[in-house]
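Protein chains in written order, with our numbering: chain E, 64 to 265; chain C, 64 to 265.
Protein chains: 2
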Amino acid sequence: MARKTGSHSEITGPRVRAAALQLFARHGYAAVSMRQIAAEVGVQAGALYLYTPDKQSLLFDLMRDHLDELLAALQSELLPTEANPRDRLIGFARFHILFHLARPEAVFIAYMELRNLEPNNFAAIETMRRGYEDVLELILRDGVAAGVFAVQDTKIATLALIAMLTGVNTWFREGGRLGRADVADVYADMALRTVACKNTAD
Amino acid sequence: MARKTGSHSEITGPRVRAAALQLFARHGYAAVSMRQIAAEVGVQAGALYLYTPDKQSLLFDLMRDHLDELLAALQSELLPTEANPRDRLIGFARFHILFHLARPEAVFIAYMELRNLEPNNFAAIETMRRGYEDVLELILRDGVAAGVFAVQDTKIATLALIAMLTGVNTWFREGGRLGRADVADVYADMALRTVACKNTAD
DNA sequence: GTCTATAAGTTGATAGAC
DNA sequence: GTCTATCAACTTATAGAC
């Protein structure tokens with residue numbers, strides 16, 4: 064309560080990013096102007112440049128923060144590599160669904176706006192994304208080695224599973240027939256079927 | 064050979080659409096200007112309006128033509144409903160992969176630019192997309208009824224399979240380890256596993 | 001910390017010459 | 001059928017007042 068001036072530096076910064084997140088997700092990076100973001104925040108366009116050096120950095124920071132959170136959350140919730148591959152895959156699938164359903168705007172942007180990143184920023188984001196994929200691929204490799212998964216190509220299966228799981232965000236809406244946990248279970252089951260040996264007990 | 068003037072109405076129209084397809088796919092609808100399209104075609108910006116009433120129609124026509132082709136090709140290549148659901152699903156998956164790999168730009172646009180369609184245009188495209196999904200869902204329903212598929216929710220499984228299959232376009236590049244037909248087979252196998260009963264013979 | 005004013009350039013679309 | 005010229009509105013980003 065020390066300050067009573069018109070300054071709001073600690074609050075306006077996050078609001079700028081929140082407004083950009085919403086607007087980029089809804090209309091696309093290229094279609095959103097800095098003036099629209101400013102209007103959403105309730106300031107004039109020029110004031111935005113106190114919080115971001117430019118529009119590109121706003122996009123990059125949203126993507127990088129999203130992937131930072133994704134990788135950190137994955138590390139904290141993943142089963143240890145000693146666990147059996149089926150349980151690790153089920154855990155990964157549930158985690159992926161619940162994490163992605165919780166932040167649809169950031170997921171949408173991280174997907175759709177890759178082509179609007181400058182080359183250096185694109186490379187940084189791709190490296191992080193690749194790290195996420197590698198975690199799933201290791202689960203599949205371990206499962207194949209243990210004889211519980213039957214996969215022709217672990218790289219393709221990794222990308223196929225991630226595409227399948229991420230697809231949930233295109234249709235899920237709160238208040239539907241199934242809750243988030245139900246949907247996570249349905250997808251985890253499908254993911255397991257996609258790669259598991261048919262003669263493995265359920 | 065009747066005309067030797069500078070007019071090229073029969074050739075310029077298709078070239079405008081081809082240029083828009085390439086540029087929209089690469090940079091996004093909102094990020095591409097009519098002047099860029101004109102430059103790609105080799106005419107001035109004003110000349111484009113002989114071939115499209117506006118930029119929005121250019122986008123909508125690309126999407127509608129793509130989905131028209133998709134639905135027509137599906138009808139002509141699909142197995143009859145009398146065939147067994149496993150073969151029908153394998154056929155659908157192979158068709159989807161090969162059709163989508165053959166026209167990555169149109170697929171990308173039909174996906175990523177939905178939010179840039181005006182409401183009426185969006186509704187028209189969604190209806191067509193829904194028609195495509197319904198074909199797959201019928202296969203799954205028939206398979207469940209016949210006892211060869213085990214699916215908790217045919218609508219979710221339909222969307223999950225389509226997301227998985229379409230994901231091939233994010234990574235496939237010509238000249239890699241596997242050819243298109245190989246990739247189609249790998250995905251068809253994964254699609255079948257995703258929904259097939261475990262106790263069904265291979 | 002935010003505003004107003006402004007720079008310098010781009011946008012979609014149209015009118016009229018050729 | 002295509003061009004040039006043009007319009008009004010918009011863009012990102014900055015400078016300087018308060």
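Glycine residues also receive a C-beta, built at the ideal position from the N, C-alpha and C atoms.
Fair warning: this is a prediction, and the values are worked out from it, not measured in the lab.
Straight-line Cα distance separating residue j from residue i
i	j	result
residue 98 of chain E	residue 212 of chain E	52 angstroms
residue 194 of chain C	residue 106 of chain E	45 angstroms
residue 170 of chain E	residue 108 of chain C	36 angstroms
residue 162 of chain C	residue 254 of chain E	24 angstroms
residue 189 of chain E	residue 179 of chain E	13 angstroms
residue 185 of chain C	residue 150 of chain E	41 angstroms
residue 165 of chain E	residue 117 of chain E	28 angstroms
residue 216 of chain E	residue 141 of chain C	27 angstroms
residue 102 of chain E	residue 113 of chain E	15 angstroms
residue 242 of chain C	residue 177 of chain E	26 angstroms
residue 92 of chain E	residue 197 of chain C	32 angstroms
residue 74 of chain E	residue 110 of chain E	13 angstroms
residue 120 of chain C	residue 146 of chain E	54 angstroms
residue 89 of chain C	residue 96 of chain E	20 angstroms
residue 137 of chain C	residue 183 of chain C	25 angstroms
residue 199 of chain C	residue 139 of chain C	15 angstroms
residue 237 of chain E	residue 104 of chain E	26 angstroms
residue 76 of chain E	residue 187 of chain C	40 angstroms
Cβ neighbours of residue i in the same chain (closer than 6 angstroms, five flanking residues each side left out)
i	result
residue 127 of chain E	none
residue 210 of chain C	none
residue 84 of chain E	125 and 168
Close Cβ partners of residue i (< 7 angstroms) along its chain, the five nearest in sequence each way excluded
i	result
residue 214 of chain C	203, 207, 220 and 258
residue 256 of chain C	none
residue 159 of chain C	228
residue 251 of chain C	153, 156 and 157
residue 5 of chain E	The structure shown has nothing for residue 5 of chain E, since chain E only spans 64 to 265.
residue 181 of chain C	119
residue 71 of chain E	none
Where residue i sits in the DSSP three-state scheme
i	result
residue 212 of chain C	strand
residue 259 of chain C	strand
residue 235 of chain E	coil
residue 65 of chain C	Low confidence applies here, because residue 65 of chain C scores a pLDDT of 35, under 50, leaving its location unreliable and the question unanswered by this model.
residue 112 of chain C	helix
residue 71 of chain C	coil
residue 143 of chain C	coil
residue 120 of chain C	helix
residue 91 of chain C	coil
residue 132 of chain C	helix
residue 104 of chain C	helix
residue 200 of chain E	helix
residue 181 of chain E	coil
residue 230 of chain C	helix
residue 176 of chain E	coil
residue 222 of chain C	helix
residue 98 of chain C	helix
residue 241 of chain C	coil
residue 166 of chain E	coil
residue 264 of chain C	Annotation note: pLDDT 49 at residue 264 of chain C (below 50); position unreliable, coordinate value reported separately. Residue 264 of chain C: coil per DSSP, three-state reduction.
residue 78 of chain C	helix
Option in the options with minimal Cα separation from residue i
i	options	result
residue 260 of chain E	E:81, E:148 and E:218	E:148
residue 122 of chain C	C:251, C:234, C:94 and C:145	C:94
residue 156 of chain E	E:223, E:216 and E:241	E:223
residue 135 of chain E	E:85, E:183 and E:192	E:192
residue 115 of chain C	C:240, C:78, C:138 and C:137	C:78
residue 240 of chain E	C:81, C:239, C:104 and C:218	C:218
residue 234 of chain C	E:76, E:225 and E:187	E:225
Residues near residue i in its chain [Cβ-Cβ closer than 8 angstroms; skip 5 each side]
i	result
residue 144 of chain C	151, 201 and 205
residue 66 of chain C	Confidence is the limiting factor: at residue 66 of chain C the pLDDT is only 35, short of 50, which leaves the residue's position unreliable, though a coordinate-based value still follows. Nothing listed; no residue qualifies.
Residue i beta carbon near the ligand SAM (any heavy atom closer than 7 angstroms)
i	result
residue 187 of chain C	In the structure shown, the ligand SAM is absent, as is every other ligand, since no ligand is present at all.
Task: the stretch 169-186 of chain E in contact with the stretch 129-136 of chain E per 3-pair CB rule at 8 angstroms - done: yes
Task: Contact the stretch 223-241 of chain C vs the stretch 226-235 of chain E: 3+ CB pairs below 8 angstroms - done: yes
Task: Segment contact flag, the stretch 236-251 of chain E with the stretch 239-250 of chain C, C-beta cutoff 8 angstroms, min 3 pairs - done: no
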